[in-house]
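Colleague: Got a structure here, written out as structure tokens. Questions coming.
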Amino acid sequence: MRILVIFLLALGVASTAQAVDLEGEQQTRYHALTAELRCVICQNRNIAESDAPLAKDMRELVARQIANGRSDREIQQYLVDRYGEWVLYDPPLDRGTLILWAGPFVLLAAGLLIVAVIMRKRAHTPPRALDRDRLASVLDEDERAGRDDDEDSSREHS
Amino acid sequence: MRWRLVVPVVVVLMLVVLLGYGLTRRPDILPSAFIDKPAPEFDLPTLASDRERIETSDLKGGITLVNVWASWCVACRSEHALITQISRRTGVPVIGLNYKDTEKAALRWLGRYGNPFAVVAFDPDGAVGLDWGVAAVPETFVVDEQGIIRYKVVGAITPEEMNKNLVPRIKALKQSAS
Chain F
814 MRILVIFLLA LGVASTAQAV DLEGEQQTRY HALTAELRCV ICQNRNIAES
864 DAPLAKDMRE LVARQIANGR SDREIQQYLV DRYGEWVLYD PPLDRGTLIL
914 WAGPFVLLAA GLLIVAVIMR KRAHTPPRAL DRDRLASVLD EDERAGRDDD
964 EDSSREHS
Chain G
82 MRWRLVVPVV VVLMLVVLLG YGLTRRPDIL PSAFIDKPAP EFDLPTLASD
132 RERIETSDLK GGITLVNVWA SWCVACRSEH ALITQISRRT GVPVIGLNYK
182 DTEKAALRWL GRYGNPFAVV AFDPDGAVGL DWGVAAVPET FVVDEQGIIR
232 YKVVGAITPE EMNKNLVPRI KALKQSAS
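Take a look at the structure:
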């Protein structure tokens with residue numbers, strides 16, 4: 814397991830090698846940006862991890878634009894203009910992604926509501942075991958119907 | 082309490098519909114971000130043409146079909162005959178964008194299979210392709226007379242795609258332009 818992790822880390826480092834030299838803070842931004850941009854031809858990998866030629870081009874493009882002094886937002890917008898919002902792993906909140914953002918909270922609220930309703934119901938109904946009137950009436954009914962199970966009656970009378 | 086039975090059945094049915102819808106979608110085909118937007122600027126040398134260069138302004142003045150292809154692209158061969166056919170049926174010139182290819186291989190490909198393009202723009206490092214949002218070749222753009230991208234086909238053009246979408250759309254554009 815540990816060997817696998819080391820191998821994957823090494824692979825990640827190897828594939829993020831870039832053509833344009835970046836230093837310090839720019840390097841940090843490069844790694845952060847490429848980690849949250851999606852490779853558009855490989856299913857669900859970011860461009861930092863992917864070996865696809867297009868991912869390599871996109872990494873170089875990000876590096877070049879950082880070197881040219883563009884902001885993270887500008888670079889993201891540049892790629893969104895070309896490949897659509899799908900390139901962003903962190904989708905912006907709009908009408909199309911509203912379910913994505915609000916969904917978990919709606920489900921959580923619904924779950925809490927159901928739990929609250931059930932709890933409330935339980936609090937209002939007294940435990941059946943102590944309902945002596947009902948117990949008596951049930952026993953009466955049993956007797957009137959002539960049911961006389963030995964085991965049951967012995968337990969009830971003891 | 083009948084609803085205790087009905088609710089799980091309804092939930093399962095909803096899930097089935099949702100998953101079924103998910104299966105019919107093609108997640109590898111992205112909705113194009115370029116529809117109804119101006120074609121990105123480019124200025125490239127040409128292949129197999131008298132002209133030296135081709136640039137964005139050359140796309141204006143008439144409807145054009147821009148086909149992104151490469152000699153190493155297997156699917157490009159399968160749509161090759163259809164490209165010629167579309168051009169003949171609609172009278173619209175096809176501009177090739179040769180993507181990440183070598184001049185030698187591209188010319189050999191054109192020599193072997195025939196040249197369906199009016200002009201071929203040569204983009205060996207794929208920079209213009211990247212700017213056009215090309216994810217994988219082949220891709221085909223319909224650009225109107227004002228240089229605005231109106232339609233895009235991702236992947237090889239099939240006869241069905243040609244008859245149902247490409248040709249009718251190009252004809253409709255021509256009509257609205259004239």
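From first to last, the protein sequence lines stand for chains F and G.
Heads up, the first sequence is in the numbering used here, so the first residue is 814 and it goes up one at a time.
Heads up, the second sequence is in the numbering used here, so the first residue is 82 and it goes up one at a time.
Quick reminder that beta carbons are idealized off the backbone N, C-alpha and C, glycines included.
Given the structure is predicted, the values throughout are model-derived calculations rather than measurements.
1) Suppose contacts are defined by Cβ-Cβ distances below 7 angstroms. Is F/Tyr896 in contact with G/Gly214 by that definition?
2) Using a Cβ-Cβ distance cut-off of 7 angstroms, determine whether G/Asn179 contacts chain F.
3) Could you list which residues in chain F have their beta carbon closer than 7 angstroms to that of G/Ala217, in chain order?
4) What residue from G/Ala216, G/Val175, G/Phe123 has the CA that sits closest to F/Cys855's CA?
5) Out of G/Gly103, G/Val209, G/Arg250, G/Lys255, which has the shortest C-alpha to C-alpha gap to G/Thr137?
6) Go through its chain and collect everything with a Cβ distance to G/Asp212's Cβ below 6 angstroms, but skip five positions before and after it.
7) At a Cβ threshold of 7 angstroms, is G/Val100 touching chain F?
8) For a cutoff of 7 angstroms on Cβ pairs, would you count G/Gly214 as touching chain F?
9) I'd like to know whether the C-beta atoms of G/Val175 and G/Asn148 end up nearer to each other than 7 angstroms.
10) Listed in chain order, which residues of the region 198 to 214 of chain G have Cβ atoms closer than 9 angstroms to some Cβ of chain F?
11) Just the C-alpha distance for G/Leu178 and F/Asn881, rounded to the nearest angstrom, thanks.
12) Using a beta-carbon distance below 7 angstroms, is G/Ala186 in contact with chain F?
13) Does any C-beta atom of chain B lie closer than 7 angstroms to the C-beta of G/Ala114?
14) So, with DSSP's three-state summary, where would you put G/Ala202?
15) For F/Tyr896 and chain G, any beta-carbon pair shorter than 7 angstroms?
16) Check the Cβ of F/Val893 against every Cβ in chain G and list those closer than 8 angstroms, keeping chain order.
17) Whole alpha helix (DSSP H) runs in the region 869 to 897 of chain F with 4 or more residues, listed along the chain?
18) Using a Cβ cut-off of 7 angstroms (strictly closer), state whether F/Asp870 contacts chain G.
19) Considering just the uninterrupted stretch of the beta strand (DSSP E) at F/Pro905, what are its terminal residues?
20) Cα-Cα, which of G/Ala187, G/Val173, G/Val218, G/Gly236 is closest to G/Arg250?
21) Taking any Cβ of chain G, which residues in the region 857 to 881 of chain F have a Cβ under 7 angstroms from it, in chain order?
22) Can you tell me whether G/Phe63 is helix, strand or coil according to DSSP?
23) Which word fits G/Lys118, buried or exposed, when buried means at least 16 other C-beta atoms lie within 10 angstroms of its C-beta?
Modeller: Put simply:
1) For F/Tyr896 and G/Gly214, yes; Cβs fall inside 7 angstroms.
2) Not an interface residue.
3) Within chain F, the residues near G/Ala217 are Ile854.
4) Nearest C-alpha to F/Cys855: G/Ala216.
5) In this structure, G/Val209 is the residue among G/Gly103, G/Val209, G/Arg250, G/Lys255 with its C-alpha nearest to the C-alpha of G/Thr137.
6) Within the same chain, and ignoring the five residues on either side of G/Asp212 in sequence, the residues whose Cβ sits closer than 6 angstroms to its Cβ are Pro121.
7) Reading off the sequence, residue 100 of chain G comes out as Leu, not Val. It does not; no Cβ of chain F falls within 7 angstroms.
8) Yes, contact with chain F.
9) For G/Val175 and G/Asn148, yes; Cβs fall inside 7 angstroms.
10) Going along the region 198 to 214 of chain G in chain order, one finds Asp206, Gly207, Ala208, Gly210, Leu211, Asp212, Trp213, Gly214 with a Cβ nearer than 9 angstroms to chain F.
11) Rounded to the nearest angstrom, the two C-alpha atoms are 27 angstroms apart.
12) The C-beta of G/Ala186 comes no closer than 7 angstroms to any C-beta of chain F.
13) Of the chains in the structure shown, none is chain B; the protein chains are F and G.
14) Of the three classes helix, strand and coil, the one that applies to G/Ala202 here is strand, per DSSP.
15) It does; some Cβ of chain G falls within 7 angstroms.
16) F/Val893 reaches chain G at Ala114, counting residues in chain order whose Cβ is nearer than 8 angstroms.
17) Restricted to the region 869 to 897 of chain F, the alpha helix (DSSP H) segments that are unbroken, complete and at least 4 residues in length are 885 to 896, listed in chain order.
18) Residue-level contact check: F/Asp870 touches chain G, since one or more beta carbons of chain G fall below 7 angstroms from its beta carbon.
19) For F/Pro905, there is no enclosing beta strand (DSSP E), as DSSP marks it with neither H nor E.
20) Nearest to G/Arg250 by alpha-carbon distance, out of G/Ala187, G/Val173, G/Val218, G/Gly236, is G/Val173.
21) Residues passing the 7 angstroms Cβ filter: Leu867, Asp870, Leu874.
22) Outside the modelled stretch of chain G, which goes from 82 to 259, sits residue 63 of chain G, for which no answer is possible.
23) Counting of Cβ neighbours within 10 angstroms places G/Lys118 among the exposed residues, the total staying below 16.
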